[in-house]
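Letter 269 of the sequence shown, counting from 1, is numbered 328 in the working numbering, and no numbers are missing.
Okay, so here's the structure we're looking at.
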Amino acid sequence: MADGAETKPSANELAILGELEKKVLWLASWTIHHANHLRENVDGVKVGGHQASSASLATIMTALYFRALRPQDRVAVKPHASPIYHAIQYLLGRQSRQKLEDFRGYKGAQSYPSRSKDTDDVDFSTGSVGLGVAQTLFSSLVQDYVRAHGWGLQRPEGRMIALVGDAELDEGNIFEAILEGWKQGLRNCWWIIDYNRQSLDAVIREGLWARYEALFKAFGWDVVILKYGALLQQAFREPGGERLRQWIDNCPNQLYSALVFQGGAAWRRRLLDGIGDQGALTRLIEARSDEELARLMTNLAGHDLPSLLEAFAKIDHDRPICFICYTIKGFALPFAGHKDNHAGLMTPAQAESLRAAMNIRPGHEWDKFEGLAIAPAELQRFLERVPFAAGPRRHPAARIEVPADVPVTIQPVMSTQAGFGALLNELGRAQSAIAERVVTASPDVTVSTNLGAWVNRRGLFAHEKMADTFKSERIPSTFNWDFSPKGQHIELGIAEMNLFILLSALGLSHAINGERLIPIGTLYDPFIQRGLDALNYACYQEARFILVATPSGITLAPEGGAHQSIATPLIGLAQDGLAAFEPAFVDELAAILAFAFDYIQRDAEGEASERNWLRDETGGSVYLRLSTRPIEQIKRAMTGELRQAIVDGAYWQRPPGPNCQVVVAYTGAVVPEAIQAVGLMAEDRRDVGLLAVTSADRLNAGWTAAQRARERGLVHARSHIEKLMADIPSHCGIVTVLDGHPATLAWLGAVRGHRVRPLGVEHFGQTGSIPELYRHYGIDANAIVAAAAALTPGRPIRHLKALP
Ligand SMILES: Cc1ncc(C[n+]2csc(CCOP(=O)(O)OP(=O)(O)O)c2C)c(N)n1
Ligand SMILES: [Mg+2]
């Protein structure tokens with residue numbers, strides 16, 4: 060380490076850190092106690108989880124934040140250690156007392172560290188265990204990607220650090236990430252396991268540390284086990300000490316936890332009964348009071364500042380490291396070690412005794428230096444020089460210029476997926492600012508999602524150059540699979556969770572590395588559900604990316620069953636931070652992609668636009684649901700007005716006439732059926748309208764926002780869909796249709812009170828041809844006509860065949 064952290068802390072520094080550790084533990088404990096017992100709690104909901112789990116990390120986080128970390132380091136903090144994190148930020152002057160007092164309350168510090176909701180510089184949002192851990196690994200890969208492309212080299216490399224609960228390692232996504240990290244040459248990543256041997260419900264299995272050690276080593280990680288603190292190590296050197304060490308090493312986790320909870324007298328009884336020898340070991344035990352014995356036996360390395368500081372300062376390489384730190388859940392609190400302590404909260408009496416033990420006067424609970432043995436001025440001076448807080452941590456990043464139009468040659472018959480491939484091919488051909496910053500990623504479906512042409516042009520990313528052997532052996536192949544540090548495609552293994560966590564890391568590069576990327580991830584639409592929680596967290600922490608999901612729905616007919624996505628349009632509608640589109644034509648896709656390049660770069664606060672009532676200035680990520688179905692394209696000029704309507708979510712492909720009785724509203728690949736149905740009905744129903752819906756999500760969001768605006772008194776607020784539907788007569792019926800769940804468009808009837816028959820897919824698919832399946836699931840032209848006939852009065856519609 061170049062910046063001096065390798066120096067051993069002086070006795071004075073150690074004393075200060077020891078006081079800060081106490082203060083951090085107190086502030087975190089008081090924050091939780093205050094939220095649960097003292098703040099007016101109108102709904103009576105008390106939630107544990109934080110007290111014991113936080114205390115477990117108090118020492119480790121003190122060592123990190125007040126000494127080991129540098130501003131360029133980024134940390135994912137275990138969800139329940141949130142109060143410790145906020146307490147540390149409070150001491151550093153970056154968190155307000157009010158937010159601590161309001162912990163878990165309205166606008167207060169968040170229950171789980173949150174990049175977007177907290178105001179004290181959280182690096183990664185955590186809460187769903189396992190995700191933050193893996194995010195550090197992918198953030199490290201992204202840092203390498205950025206630097207390999209020659210960007211951000213003026214800034215020092217950071218370490219990506221995760222504070223991991225031991226039971227958190229049950230989450231499979233962590234292992235998927237470890238495997239991927241090994242493939243990609245992971246560096247600069249530290250995972251610090253809080254080995255308190257407790258989960259939420261229980262005490263964990265014996266000997267887990269050995270499995271972890273073997274596992275991490277197998278994937279090229281260094282493993283550092285920090286088990287005994289300085290007091291214990293000293294005791295082991297006394298006569299009889301070796302026996303004591305053996306006893307501890309063999310002590311089952313359950314028993315150790317129980318003794319921690321019971322305290323000094325219980326330790327004495329158990330040790331003397333178990334291994335007392337009337338000689339050296341007995342003397343070692345007898346020389347200590349109950350209190351001293353309890354302190355000795357709980358002096359695990361994860362609560363021993365000198366051991367932790369030394370271990371962190373010693374690391375002088377960039378290999379990934381796993382620290383296994385033995386700790387005690389609920390350390391220094393009355394329920395330390397108790398297996399039920401996850402939900403444990405201090406009683407008022409227990410809080411009183413902790414206050415007394417910490418020398419804190421009533422009314423001075425929030426004072427930063429109350430009750431500490433070192434002068435406040437000296438502590439303050441120390442805090443002002445903490446290296447972590449010495450530099451900027453969130454970086455501004457320039458906006459990448461976006462062309463008004465993404466060029467593409469549109470074939471007369473073309474699928475949206477093929478259109479996507481052609482658009483990226485064109486992009487890859489050009490030397491534009493945006494093309495430089497695009498980085499694609501796919502979990503082993505690069506070719507089958509049509510990224511092949513782009514990858515041929517731009518190459519794959521790897522730390523080392525690696526040529527495509529097929530090419531060098533002159534074996535004909537459509538794809539040129541050359542790896543290099545300049546490549547712009549990250550080829551992932553199949554684990555979809557990894558794709559979403561990587562997109563999350565790529566999509567935060569502007570803030571973390573000060574270098575903006577335009578990430579595009581591709582996968583099969585049904586497998587969004589495989590990584591949905593990771594997608595949710597990526598959106599929650601405001602990562603910016605474009606997700607291209609293709610193919611989708613029963614339209615990928617011969618694939619059958621669960622390969623055919625049903626619920627994803629509803630995910631697109633409901634997922635916050637993600638604008639979902641499902642275009643039918645390639646010119647629509649081109650307009651949406653150009654919009655997306657810009658939209659994912661926006662982060663301004665802004666008023667809702669009077670046009671669509673969406674707060675587009677804030678930006679977000681984009682989801683494109685595409686299809687492999689070849690569709691006859693419409694030859695038309697892309698006017699500014701049409702482009703805008705496509706982006707806003709809908710346009711009239713055939714406006715309803717004044718005597719309109721039926722409107723067909725469609726989304727995506729079912730467009731030929733919708734057009735055909737309108738044609739068939741034309742003879743018997745007058746002025747039938749055909750509404751092209753390119754984004755049910757944005758239409759719906761604009762509609763609800765405009766209603767809210769009217770309720771606030773902005774009586775003229777009209778959303779895009781309200782304007783489009785303004786002239787549809789009220790007796791008109793609407794048939795909606797898409798290859799996805801019918802609820803996606805069913806709400807259109809509520810916009811102006813029309814009757815709606817929503818068609819779509821509700822049940823698992825099966826193999827077959829597109830016509831067979833569309834007929835079976837009732838989204839073909841005949842089903843649309845039948846729905847229209849049932850909805851609207853008038854003579855029977857000719858051409859209507861009986862439905863099967
Ligand atoms: C994905 C997910 N599942 C379940 C939970 C609920 N949960 C919160 S903490 C926890 C146990 C954590 O144990 P550990 O990681 O060992 O942390 P400790 O509390 O011991 O510090 C569980 C199951 C969650 N937050 N996220
Ligand atoms: Mg645990």
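All C-beta atoms, glycine included, are put in the ideal place defined by N, C-alpha and C.
None of these values were measured; they are calculated from a predicted model.
Point to revise | His362 versus Ile119 - alpha carbon distance | key: 7 Å
Review point. Do you know whose CA, among Gly338, Lys276, Gly266, Asp675, lies nearest Pro916's CA?
Key: Since the first and last residues shown for the chain are 60 and 863, residue 916 lies out of range.
**Study point:** Range covered by the alpha helix (DSSP H) that runs through Glu550
**Key:** No alpha helix (DSSP H) holds Glu550; the beta strand (DSSP E) holding it covers 548-551.
Check your understanding: In whole angstroms, what is the alpha-carbon distance linking Leu749 and Asp592?
Key -> 36 Å
Check your understanding: Taking DSSP as the reference, what is the three-state secondary structure of Thr505?
Key -> coil
Practice item. Output the boundary residues of the alpha helix (DSSP H) element that contains Met740. Key: 730-740
Practice item. Would you mind reading off the limits of the beta strand (DSSP E) that contains Thr726? Key: 721-726
Point to revise | At least three beta-carbon pairs within less than 8 Å, the segment 540-551 to the segment 610-625 | key: no
Practice item. Have a look at Ala64 and Leu367 and give me their C-alpha separation to the nearest angstrom. Key: In this prediction, Ala64 scores a pLDDT of 48, lower than 50, which makes its location untrustworthy; the coordinate-derived value is nonetheless stated afterwards. Approximately 13 Å, taken between the alpha carbons.
Exercise for review: Say whether the segment 501-517 touches the segment 453-462, bearing in mind that this needs 3 or more beta-carbon pairs closer than 8 Å, one atom from each stretch.
Suggested key: no
Review point. Got a sec: does ligand 1 put a non-hydrogen atom nearer than 7 Å to the Cβ of His59?
Key: Lying outside 60 to 863, the shown extent of the chain, residue 59 is not represented and no answer is given.
Review point. In angstroms, rounded to a whole number, what distance separates the CA positions of Leu404 and Ala261?
Key: 17 Å
Review point. Closest to His522 by CA distance: which of Val794, Ala391, His145, Val205 is it?
Key: Val205
Practice item. Look at the Cβ atom of Leu318, then the Cβ atom of Trp326, and state whether they are nearer than 8 Å. Key: yes
Exercise for review: Indicate the three-state DSSP secondary structure (helix, strand or coil) for Glu78 in the structure shown.
Suggested key: helix
Exercise for review: Note down the Cα distance separating Leu850 from Ser754, rounded to an integer number of angstroms.
Suggested key: 25 Å
Review point. What does a CB cutoff of less than 7 Å around Ala655 pick up in its chain, not counting 5 residues either side in sequence?
Key: Ile605, Val681
Practice item. Taking only heavy atoms of ligand 2 into account, decide whether any of them is closer than 7 Å to the Cβ of Lys105. Key: no
Review point. Are the beta-carbon atoms belonging to Gly612 and Asp798 less than 8 Å from one another?
Key: yes
Review point. Is Ser258 near ligand 2, going by C-beta to nearest heavy atom under 7 Å?
Key: yes
Practice item. Answer yes or no: the CB of Gly224 versus the heavy atoms of ligand 2, is any distance below 7 Å? Key: yes
Review point. Is any heavy atom in ligand 2 found nearer than 7 Å to the beta carbon of Lys286?
Key: no
Check your understanding: Can you name the residues that DSSP bridges to Met219?
Key -> Arg133, Cys248
Point to revise | Through-space distance from Ala372 to Ala61, alpha-carbon basis | key: Because Ala61 carries a pLDDT of 42, less than 50, the predicted location of this residue cannot be relied on, and the following value inherits that uncertainty. Cα-Cα distance, rounded: 11 Å.
Point to revise | Inter-residue spacing [alpha-carbon to alpha-carbon] between Leu859 and Gly738 | key: 12 Å
Exercise for review: Identify whether Val706 lies in helix, strand or coil by the three-state DSSP scheme.
Suggested key: helix
**Study point:** Three-way DSSP call (helix, strand, coil) for Glu272 in this model
**Key:** helix
Practice item. Using a threshold of 8 Å, state whether the C-beta atoms of Ala638 and Leu562 are closer than that. Key: no
Point to revise | Nearest-angstrom beta carbon gap, Gln110 and Ser141 [assumed within contact, 8 Å] | key: About 12 Å; that fails the 8 Å criterion.
Check your understanding: Leaving out the 5 sequence neighbours to the left and right, which residues in its chain are closer than 8 Å to Tyr171 when beta-carbon positions are compared?
Key -> Pro138, His139, Ser141, Ser184, Thr185, Gly186
Point to revise | Simplified DSSP assignment, three categories, for Phe640 | key: strand
Review point. What is the C-beta distance between Glu550 and Leu519, in whole angstroms, given that I count them as a contact (C-beta under 8 Å)?
Key: 5 Å
Check your understanding: Any idea what DSSP makes of Ala849, helix, strand or coil?
Key -> helix
Point to revise | Buried versus exposed call for Phe394 [16 or more other C-beta atoms within 10 Å across all chains shown] | key: buried
Review point. Would the beta-carbon of Lys137 be found less than 7 Å away from any heavy atom of ligand 1?
Key: yes
Check your understanding: Heavy atom of ligand 4 less than 7 Å from the Cβ of Asp229, yes or no?
Key -> Ligand 4 is absent from the structure shown, which contains only ligand 1 and ligand 2.
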